[in-house]
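Peer 1: I have a structure here, written as structure tokens, and I will follow up with some questions on it.
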Amino acid sequence: MAHIDNTDPLLQEITGPTPGQMLRKRVFGHQGLLIGAVVLIILLFIAIFAPLLAPHDPYAQSLMNRMEPPVFLGGTWEHPLGTDHLGRDYLSRLIYGARVSLLIGAVAALISGVIGTAMGVAAGYFGGRVDMVVTFLINVRLAMPVVLVALAVVAILGGSLQVVIVVLGLLLWDRFAVVMRASTLQVRGREYVAAARAIGASTPRVILSEIMPNIANNLIVVITLEMAHAILLEAALSFLGLGVQPPTPSWGLMVSEGKNMMLFEPWLVLIPGAVLFLLVLAINLMGDGLRDVTAPENRS
Amino acid sequence: MTSSWLKTSIASIALIAASGAAMAEKANDTLRVAFTKELENVDSYFNSSREGVVLQRAVWDGLIYRDPVTNEYKGNLATSWEWIDDTTLEFKLREGVTFHNGEPFNADDVVYTVNFVAKEENGVKTQRNVNWMESAEKIDDYTVRIHLKDKFPAAIEFLSGPVSMYPDEYYAEVGPSGMGLKPVGTGPYEVVSVVPGQHFVLKKYEGYHDSPKGAPEITNIDIRTIPDVNTQLAELFSGSLDLIWQVPADQAEKMSAMDQFTVMNESTMRVGYLSFDAAGRSGDSPFGDLRVRRAINHAINREELVNALLKGKSKVIWTPCFPSQFGCVEEAATTYEYDPEKARALLAEAGYPDGFETEFYAYRDREYAEAILSYLNAVGIDADFKFLQYSALRELNMKGEVPMSFQTWGSYSINDASAMVSQFFKHGSLDDARDDQVLADLNVADSATDPDTRVEHYAKAIERITDQAYWAPMFSYNTNYVFTKEVEYTPTADEVLRFTTMSWN
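Going down the list, the sequences are from chains A and B.
For the numbering used here, count along the first sequence from 1 and bump the result up by 9.
For the numbering used here, count along the second sequence from 1 and bump the result up by 2.
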């Protein structure tokens with residue numbers, strides 16, 4: 010069999026770049042996407058390898074070494090980012106906190122993504138009564154203020170990592186449903202859907218292999234948005250004392266614990282705040298970037 | 003042109019206004035103070051907060067006054083008193099005292115006040131403060147007898163504290179809610195205005211009698227509720243507050259390094275302790291085992307908590323009461339030195355070589371609770387931390403659903419062991435130990451009139467409680483007072499702000 014050499018300039022001139030090459034070009038030409046992805050990958054790496062990276066046990070308390078300043082404010086390299094109000098190493102807590110934030114963001118987005126996408130696609134594809142019911146449910150959900158409901162539920166059930174994840178997962182599906190419904194409505198009348206139906210493809214097959222790939226780019230954007238949303242909400246709940254419970258390290262909790270000393274030791278709040286900001290920014294940048302490079306109108 | 007002129011003038015007006023606000027109020031003879039918590043009702047019988055106690059001492063007087071330094075009882079609205087029998091106290095009242103509204107003070111006021119508050123259906127918030135009184139009886143205009151329900155040796159202490167005298171005609175007319183909005187008493191300060199929960203303005207009472215509280219010096223007291231400590235500090239920096247209190251240790255430490263503020267630290271009667279469900283009310287819990295309770299007592303490094311977290315005048319406490327309280331015999335208490343190894347060994351002996359899981363409740367001082375939690379983790383106890391509001395935790399506690407909790411008790415600044423030990427170990431709904439031997443001793447100690455008998459039986463109760471490790475008493479609290487150099491004040495050890503002893507430098 011003749012081997013086709015893609016790098017042959019003559020051949021390239023004749024055929025033009027392959028879709029893969031074009032995608033690669035778009036990806037590497039998109040600065041926001043690259044920055045977001047790099048930051049996110051670094052944070053993911055930190056979260057996964059936390060036990061290897063953290064210089065100290067994040068739970069080890071040393072009351073005699075409370076609130077030591079970070080190294081850039083005159084501290085020592087023993088605790089590069091200082092220690093918290095119980096003398097625990099701030100860097101180690103920050104590193105372990107990345108696990109909590111990413112875990113909550115990912116799992117909550119996954120749960121709400123499954124719920125919201127199923128509802129949205131069903132509503133968009135079947136229309137009629139299904140659509141009415143789904144739209145009603147979306148409206149009901151939109152009428153509930155997320156933070157208040159989350160606060161109330163967590164207050165009743167008690168705060169823990171699992172409860173926070175499930176509560177956020179069950180609350181954040183509205184945007185998935187709205188966007189997936191609208192996207193499905195757009196594509197379900199397309200020729201390729203009609204063609205698939207005409208050759209006798211089953212409904213699940215039409216949805217999975219004709220509709221889903223064509224609305225996936227929207228789904229990705231919503232996933233990233235909701236992931237960022239969930240991470241911020243967890244931080245807010247933990248800040249209010251109703252999220253992840255101590256001694257679990259969580260960035261929101263760290264901000265909350267540092268709040269009392271904000272006038273005198275602002276770094277206690279600034280450090281976890283800055284990391285939280287960085288993570289959410291990275292996720293949003295990546296989401297925007299992914300939409301830009303995968304949107305069908307950019308493919309041609 | 004016009005607009006830039008306008009901007010400049012607005013800016014300068016704003017500047018002038020700001021600097022005016024920032025000027026010290028010594029010139030106006032107004033002391034500006036911040037409260038942290040909202041006070042629900044100024045009527046001192048209808049609130050249970052520290053802020054309420056502060057206002058109560060400023061606006062009203064009791065029959066007796068206890069000198070906060072010498073602990074000596076002095077006559078205030080009464081000039082003398084004597085026990086007629088075990089349950090009857092007779093008072094000679096001070097003549098010539100008038101209430102802020104001009105009503106003269108006499109036996110009718112005492113009789114009305116006592117009869118009103120002693121009646122349970124009138125709903126006085128802290129029943130323990132008043133429910134030992136049966137009624138009051140007028141002998142003549144300036145002689146009154148108070149009848150007790152039962153023998154109650156701590157009566158004098160209570161009469162010098164939470165029981166203050168109200169004007170009968172006015173109180174009959176306006177009731178507790180009217181009293182809360184326009185309080186009238188005989189105290190050193192009269193109330194000018196009240197915005198409930200928010201803002202209280204007091205003014206020196208010119209007609210104040212010659213009381214052991216002393217004559218007030220500062221003319222106006224302006225109290226605002228500012229819940230956030232950081233905001234309070236910021237206002238102190240900007241000069242719109244003169245005095246704040248209950249400042250956390252870390253912030254107070256930083257403030258004391260600054261020249262423009264005085265930081266004073268005083269101990270309080272509040273004791274922090276762990277309570278265990280020894281009676282097994284929450285189901286089959288490990289705390290029924292004495293070895294587990296002792297293990298936890300050994301697991302906590304009280305010295306470190308006091309030195310690094312509470313600081314100031316806090317002390318390590320081994321008794322289920324505050325050592326200055328009458329009957330709180332420190333020598334009777336068993337002490338448990340910090341020894342995590344021993345704690346592990348005891349846990350292993352009790353059948354928990356790898357520790358166990360339990361719920362751990364707290365309602366205040368999250369930081370302290372977290373530190374304690376970490377000591378428990380260190381010996382293998384995996385505690386699920388639950389932080390609740392005080393009222394919610396109290397309710398759970400009453401239902402007996404709390405295996406272990408971090409609690410504190412301030413005894414309402416009553417200098418008698420009955421205000422703490424008897425509150426918790428007499429098989430009430432908050433009693434997690436339910437020990438009959440302790441109950442028997444406390445019953446004797448609470449009602450005996452002979453001081454030696456009381457001490458002996460409180461000591462026995464304390465010995466039993468600490469030997470059985472029903473609690474893990476840990477530390478006493480302290481309070482930091484921070485004020486500008488213009489203010490002169492020496493705080494007392496009972497966590498009460500006394501405006502009468504404040505003056506300008």
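Don't be surprised by glycine CBs; every beta carbon is placed ideally from N, CA and C.
If you're wondering where the values come from, they're calculated on a predicted model, not measured in any experiment.
For a quick check, are the C-beta atoms of R304 of chain B and V294 of chain B less than 7 Å apart?
Peer 2: Cβ distance not < 7 Å, so R304 of chain B and V294 of chain B don't count as in contact.
Peer 1: So is T24 of chain A buried or exposed if we call it buried at 16+ other beta carbons inside 10 Å?
Peer 2: Burial state of T24 of chain A is exposed, judged by a 10 Å Cβ sphere holding fewer than 16 other Cβ atoms.
Peer 1: What are the start and end residues of each continuous alpha helix (DSSP H) run of 4 or more residues lying completely inside the region 334-405 of chain B, in chain order?
Peer 2: 342-351, 368-380, 392-400
Peer 1: Write down every uninterrupted run of the alpha helix (DSSP H) in the region 231-306 of chain A whose length is 4 residues or greater and which is fully enclosed by it, in chain order.
Peer 2: 260-268, 276-303
Peer 1: Can you find a CB in chain A that lies within less than 7 Å of the CB of L235 of chain B?
Peer 2: Yes, L235 of chain B lies at the interface with chain A (some Cβ there is under 7 Å from its Cβ).
Peer 1: Taking a cut of 9 Å between CB atoms, which residues from the region 303-323 of chain B lie near chain A?
Peer 2: For the region 303-323 of chain B, residues whose beta-carbon sits nearer than 9 Å to a beta-carbon of chain A comprise N303, E306, L307, N309, A310, L311.
Peer 1: One question on the structure: do A301 of chain B and Y414 of chain B come within less than 7 Å of each other, judged by their Cβ atoms?
Peer 2: Their beta carbons are not under 7 Å apart, which means A301 of chain B does not touch Y414 of chain B by this criterion.
Peer 1: Secondary structure at I141 of chain B, three-state DSSP: helix, strand or coil?
Peer 2: strand
Peer 1: Assess contact between the region 252-265 of chain B and the region 72-84 of chain B, defined as three or more Cβ pairs (one per stretch) separated by less than 8 Å. Is contact present?
Peer 2: no
Peer 1: Mapping DSSP to helix, strand and coil, what is I148 of chain B?
Peer 2: Three-state DSSP puts I148 of chain B in a strand.
Peer 1: Three or more beta-carbon pairs under 8 Å between the region 345-354 of chain B and the region 379-391 of chain B, yes or no?
Peer 2: yes
Peer 1: Report yes or no: do the region 477-486 of chain B and the region 310-317 of chain B share at least 3 C-beta pairs separated by less than 8 Å?
Peer 2: yes
Peer 1: Answer with yes or no whether the minimum CB distance from G250 of chain A to chain B is below 7 Å.
Peer 2: yes
Peer 1: Helix, strand or coil for P106 of chain B, going by three-state DSSP, please let me know.
Peer 2: strand
Peer 1: Are any of the Cβ atoms in chain A nearer than 7 Å to that of N232 of chain B?
Peer 2: True, the Cβ-Cβ gap to chain A drops below 7 Å.
Peer 1: Are L294 of chain A and I44 of chain A touching if we call contact CB-CB under 7 Å?
Peer 2: Yes, these two residues count as a Cβ contact at 7 Å.
Peer 1: Less than 7 Å between the beta carbons of G125 of chain A and A186 of chain A, yes or no?
Peer 2: Taking 7 Å as the cut-off, the Cβ atoms of G125 of chain A and A186 of chain A count as close.
Peer 1: Compare the Cα-Cα distances from A9 of chain A to each of A:V188, A:L112, A:E219 and report the closest residue.
Peer 2: Only positions 10 to 309 of chain A appear in the structure, and residue 9 of chain A is not among them; the question remains open.
Peer 1: Taking 7 Å as the threshold (C-beta atoms), are G250 of chain A and H39 of chain A in contact?
Peer 2: Contact flag unset, no.
Peer 1: How many whole angstroms separate the CB atoms of R102 of chain A and M263 of chain A, which I take to be in contact at a CB cut-off of 8 Å?
Peer 2: 6 Å
Peer 1: Could you work out which residues of chain A lie near E339 of chain B, taking near to mean beta carbons separated by less than 9 Å?
Peer 2: Per Cβ cutoff of 9 Å: no residues; E339 of chain B is ~17 Å from chain A at best.
Peer 1: Are three or more beta carbon pairs between the region 174-183 of chain A and the region 204-222 of chain A nearer than 8 Å?
Peer 2: Output reads no: the region 204-222 of chain A does not touch the region 174-183 of chain A.
Peer 1: CB-CB under 8 Å to A6 of chain A, same chain, minus the five flanking residues each way: which ones, in chain order?
Peer 2: No statement about residue 6 of chain A is possible, as the shown extent of chain A runs from 10 to 309 and does not include it.
Peer 1: Return the chain-ordered list of same chain residues with a C-beta closer than 7 Å to the C-beta of A474 of chain B, the five sequence neighbours on each side being excluded.
Peer 2: Y275, L276, I298, N299, I302
Peer 1: What residue does the alpha helix (DSSP H) around V132 of chain B start on, and which one ends it?
Peer 2: 129-132
Peer 1: For P26 of chain A, list the residues DSSP reports as bridge partners.
Peer 2: For P26 of chain A, which the question treats as bridged, DSSP gives no partner whatsoever.
Peer 1: Are at least three pairs of beta-carbons, each pair with one atom in the region 387-406 of chain B and one in the region 357-368 of chain B, less than 8 Å apart?
Peer 2: The region 387-406 of chain B, when compared against the region 357-368 of chain B, does touch it at the 8 Å Cβ threshold.
Peer 1: If I follow the unbroken alpha helix (DSSP H) through I208 of chain A, where does it start and stop?
Peer 2: First-last for I208 of chain A: undefined, no H or E at that position.
Peer 1: Could you tell me which uninterrupted beta strand (DSSP E) segments, each at least 3 residues in length, are contained entirely in the region 427-488 of chain B, listed from first to last along the chain?
Peer 2: 473-486
Peer 1: Which bits of chain A does K256 of chain B rub up against, with CB to CB less than 9 Å?
Peer 2: M270, L272, F273, E274
Peer 1: Would DSSP call L41 of chain B helix, strand or coil?
Peer 2: coil
Peer 1: Can you give me the C-alpha to C-alpha distance between G430 of chain B and V484 of chain B, rounded to a whole angstrom?
Peer 2: Approximately 39 Å between the Cα atoms of the pair.
Peer 1: DSSP state of L100 of chain A, grouped into three classes?
Peer 2: In the structure shown, L100 of chain A sits in a helix (DSSP, three-state: H, G or I).
Peer 1: Going by the DSSP bridge assignment, what does H65 of chain A pair with across the sheet?
Peer 2: DSSP lists no partner for H65 of chain A.
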